[in-house]
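Plus 1166 on top of the position in the sequence shown (first one is 1) and you've got the working numbering. From the three backbone atoms N, C-alpha and C, an ideal C-beta is built for every residue, glycine too.
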Amino acid sequence: MKTGGESGTAIVAGKPESSLLWKQIAEDKMPDGPKKLTQKQKQTIRDWIAQGAETARAEPKDPDSIRFTEEELSHWAFEPVKDHPVPRPAGFNIRTPIDAFIAGRLAKHGLRFSPRANRETLIRRITYDLTGLPPTAAEVEAFVGDETPQAWAKLVDRLLSSSEFGVAGADIGWTWPDMPRATGGEAATPSGPTPGTIATTFLNRSIAKNQSISFSGNRSPATNSSVETGHEQSPPRGVAHATGFMRMAPDPTQTSNSLADRNQAAADAVQVIGSSTLGLTVGCAQCHDHKYDPIGIDDYYRFRAIFDPVFPLKKWQQPSARLIDVTSAEDRKKAEEIEAHAKEMDAKIQAKKNELAEKIQAAKLSDVPENVREETLQAVPAPGKEQTERHKELLDLYPMVKPVSFIAGFLVEYDNAAHREFEKQKEEVTKVRNTKPPKRLLRVATEQPDVVPVSAVLFRGNPSSPGDKVEPGELGVLTQAGRIPSLPLNEPSRATTGRRIAYARHLTNGQHPLTARVFVNRVWQHHFGRGIVDTPGDFGLNGEPPSHPDLLDWLAADFVKHGWDQKRLHRMILLSTVYQQSTKRTPKLDTIDPENRLLARANLRRLEAEASGFLPWQQPAPESRVRRSEHPGHD
1167 MKTGGESGTA IVAGKPESSL LWKQIAEDKM PDGPKKLTQK QKQTIRDWIA
1217 QGAETARAEP KDPDSIRFTE EELSHWAFEP VKDHPVPRPA GFNIRTPIDA
1267 FIAGRLAKHG LRFSPRANRE TLIRRITYDL TGLPPTAAEV EAFVGDETPQ
1317 AWAKLVDRLL SSSEFGVAGA DIGWTWPDMP RATGGEAATP SGPTPGTIAT
1367 TFLNRSIAKN QSISFSGNRS PATNSSVETG HEQSPPRGVA HATGFMRMAP
1417 DPTQTSNSLA DRNQAAADAV QVIGSSTLGL TVGCAQCHDH KYDPIGIDDY
1467 YRFRAIFDPV FPLKKWQQPS ARLIDVTSAE DRKKAEEIEA HAKEMDAKIQ
1517 AKKNELAEKI QAAKLSDVPE NVREETLQAV PAPGKEQTER HKELLDLYPM
1567 VKPVSFIAGF LVEYDNAAHR EFEKQKEEVT KVRNTKPPKR LLRVATEQPD
1617 VVPVSAVLFR GNPSSPGDKV EPGELGVLTQ AGRIPSLPLN EPSRATTGRR
1667 IAYARHLTNG QHPLTARVFV NRVWQHHFGR GIVDTPGDFG LNGEPPSHPD
1717 LLDWLAADFV KHGWDQKRLH RMILLSTVYQ QSTKRTPKLD TIDPENRLLA
1767 RANLRRLEAE ASGFLPWQQP APESRVRRSE HPGHD
């Protein structure tokens, strides 16, 4: 700013009146609003220029070499997770360490926890949270009537162990289906699951089994080398299912396979991975350095290079080529038997049609003069038969004489009653075929054998303008000492390059600053209506700061320390005093904390669409529970 640009010198040290910056501020042309500078702020800037415009830190010798500021690079989300000691506030009902962190903040503002919600509200709240469905009347009656101290804990454990939790639980965390648009625009139908719903079902079962995030984390944005198609080794079912996460972003290349569409499909997938696992809007650096975060365009393409072997722009695989058949052997055999029976029925119908067609042909031939009847029959076209001029002449004279195959195909023109009867028989064949078990096609993210694309920075994001080559790597701002992953360019001994599995292990090694923070924040958002970080997909500088930073870090550290145990995390939140509070507002609370960021009460929430009662067809809840509530509020 002291050097100046095209418009002049922005700051002349010691001379506010000669500084372009001060001239612009002094003109006071900024529109009214919260961003307009106050007189005090203006005077502070003027005094700073008059005093020499010195900065808190020494000015760099070469400003052009400074790409990102220290403030940007030291943003809280890029710093290592800290395992803060649990506070010990006095006078609060502390049930879990979570309560201690929340109570510490409340005490500083002269607030207390709200009273516990009534039992009807609590069972309704937790059942919706963990199953996506309302409790039955019998369940409400049983819980309200259970006056033992363990009643709430027993309810929590029962719901966490239910199969419905696998479905609702899949909507929580950084692998939830909504992040990658899990059905890929396809809807599951009674005729069979779509490739997207199969991957979602895998996630549901993983949640229900309480498989750690390090397990599904190593199988969602990544993949094991053994899932690659084109190799003799069969893919483990769970591993292959999980890789579908990377193929759920929109992909228009089935119909429009242009280079631009390929690039956009790859960019969308990378954006989904970045937002869901890192909580960063990495896609904003696709065409230029990120506007807010210290992520350069070269950073973006290094990160994208991890996944380039799955999305090689020059040797692209369209969506249909990324499907593998995971139908069970039993269902395959049954389908083959049904198809064989259907073909027998087809053959019998066709034989009867041909028999009738021959009779019709004979009847039409009887109208031909006897002296040319045999010759006309010989003129009828047949495969491998050459037609002479005489043949054509006869057929022109007697056009009603047609081949048997033609008559059978256009039977409606000759015998409408027989045609209708044959159509009924064909409908029966269709009904038989409809009894076949549906094919189960799974969309996977696999690398093609021996395809290792050269990754490069794309000028302004244009795939037709590749620039400097890059090697796969983590975002620079996240590669602090001790956290640099070893990402291979290629591993000839394996079926894949090994990049994604290496990166997945890096994400879940317990040292990454974002993975655990992002996940626990999404779980918190699910149970409280908003996350500790209110922008769950953006932990960067343009996102919201955490309302309880120490609690967020403690939850992340504790989550990793206990083996990424999802159910343990849910249980700790659900057993807390914070979760069990009533939603009642008071004048004091509305004055001190109108947005309830301190959590002195529970938030009144709307039900999510997933709780409407329409769960995936292949894993339905009991019929008696699949109905909408008359009261859509969720407290």
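{"Asked": "So who's on the other strand from I1490, going by DSSP bridges?", "Found": "L1608"}
{"Asked": "Roughly how many angstroms lie between the CA atoms of A1219 and E1237, to the nearest whole one?", "Found": "19 Å"}
{"Asked": "Which runs of the alpha helix (DSSP H), 4 residues or longer, sit entirely within the region 1481–1541?", "Found": "1495–1531"}
{"Asked": "Enumerate in chain order the residues of its own chain whose CB-to-CB distance from L1186 is below 7 Å, with the five nearest sequence positions on each side excluded.", "Found": "S1173, G1174, T1175, A1176"}
{"Asked": "So, under 8 Å CB-CB, V1322 and A1723 are touching, yes? Tell me the CB distance rounded to an integer number of Å.", "Found": "Contact doesn't hold; Cβ gap of about 23 Å is too wide."}
{"Asked": "If you drop the 5 nearest sequence neighbours on each side, which residues of the same chain put their C-beta closer than 6 Å to that of G1351?", "Found": "For G1351, the predicted model reports a pLDDT of 40, less than 50, meaning its position is unreliable and no value from the coordinates is stated."}
{"Asked": "Based on the DSSP secondary-structure assignment, which residues constitute the bridge partners of L1444?", "Found": "According to DSSP, which records beta bridges pairwise, L1444 is partnered with nothing at all."}
{"Asked": "On the criterion of 16 or more Cβ atoms from any shown chain inside 10 Å, does S1631 qualify as buried, or is it exposed?", "Found": "exposed"}
{"Asked": "In terms of residues, what are the limits of the beta strand (DSSP E) holding G1633?", "Found": "1632–1635"}
{"Asked": "Would G1276 be called buried (16 or more neighbouring beta carbons within 10 Å of its own) or exposed?", "Found": "exposed"}
{"Asked": "Quick one: is R1290 buried, meaning 16 or more other Cβ sit within 10 Å of its Cβ, or exposed?", "Found": "buried"}
{"Asked": "Indicate whether the contact test is met: 3 or more Cβ pairs, each with one atom in the region 1509–1524 and one in the region 1569–1581, closer than 8 Å.", "Found": "yes"}
{"Asked": "Need the endpoints of the beta strand (DSSP E) that V1623 sits in, please.", "Found": "1622–1624"}
{"Asked": "I need the DSSP call for G1199, collapsed to helix, strand or coil.", "Found": "coil"}
{"Asked": "Taking all protein chains shown into account, do 16 or more other C-beta atoms lie within 10 angstroms of the C-beta of T1349, making it buried, or fewer, making it exposed?", "Found": "In this predicted model, T1349 has a pLDDT of only 38, less than 50, meaning its place in the structure is not dependable enough to derive any value."}
{"Asked": "Starting from V1310 and walking both ways along the alpha helix (DSSP H), at which residues does that stretch end?", "Found": "1303–1311"}
{"Asked": "Is it the case that the Cβ atoms of N1708 and Y1458 are separated by a distance below 8 Å?", "Found": "yes"}
{"Asked": "Give the DSSP-derived three-state secondary structure of R1282 in the structure shown.", "Found": "strand"}
{"Asked": "List the endpoints of the continuous alpha helix (DSSP H) containing D1465.", "Found": "1463–1471"}
{"Asked": "What does the Cβ neighbour count give for E1245, buried or exposed, with the cut at 16 atoms within 10 Å?", "Found": "exposed"}
{"Asked": "Among the candidates T1302, I1758, Q1484, whose CA atom is the shortest distance from the CA of Q1614?", "Found": "Q1484"}
{"Asked": "Going by DSSP, what residues sit across from G1174 in a beta bridge?", "Found": "G1171"}
{"Asked": "Whose C-alpha, out of H1736, V1618, S1486, R1767, is nearest the C-alpha of T1297?", "Found": "H1736"}
{"Asked": "Am I right that V1643 and I1461 are in contact with their C-beta atoms under 8 Å? What's the rounded C-beta distance?", "Found": "7 Å"}
{"Asked": "Count the other C-beta atoms from every protein chain shown that fall within 10 angstroms of the C-beta of P1343, then say buried if there are 16 or more, exposed otherwise.", "Found": "A caution first: P1343 carries a pLDDT of 44, below 50, which makes its placement in the model unreliable, though a value can still be read off. Label assigned to P1343: buried."}
{"Asked": "Just the Cα atoms here: how many angstroms apart are A1269 and L1607?", "Found": "51 Å"}
{"Asked": "Go ahead and pull the three-state DSSP assignment for Q1316.", "Found": "coil"}
{"Asked": "Which whole-angstrom value is the C-beta distance of I1739 and H1714, which I expect to be below 8 Å?", "Found": "Going by Cβ atoms, the distance from I1739 to H1714 rounds to 13 Å, so no, they are not a contact pair."}
{"Asked": "Strictly by DSSP, which residues pair up with Q1747?", "Found": "R1282"}
{"Asked": "Kindly list the residues whose CB is nearer than 6 Å to the CB of R1626, restricted to its own chain and excluding five residues on each side of it in sequence; keep chain order.", "Found": "C1453"}
{"Asked": "Return the CA-CA distance between V1448 and F1469, expressed in angstroms with no decimal places.", "Found": "9 Å"}
{"Asked": "Could you give the DSSP three-state label for M1566: helix, strand or coil?", "Found": "coil"}
{"Asked": "How big is the Cα-Cα spacing for E1637 and D1434?", "Found": "20 Å"}
{"Asked": "Output the distance between the C-alpha atoms of L1770 and T1749, rounded to the nearest integer angstrom.", "Found": "6 Å"}
{"Asked": "Would you say the region 1509–1522 touches the region 1591–1608, given that touching needs at least three Cβ pairs under 8 Å?", "Found": "yes"}
{"Asked": "State yes or no: is the C-beta of T1314 nearer than 7 Å to some heavy atom of the ligand MG?", "Found": "The ligand MG is absent from the structure shown, which contains no ligands of any kind."}
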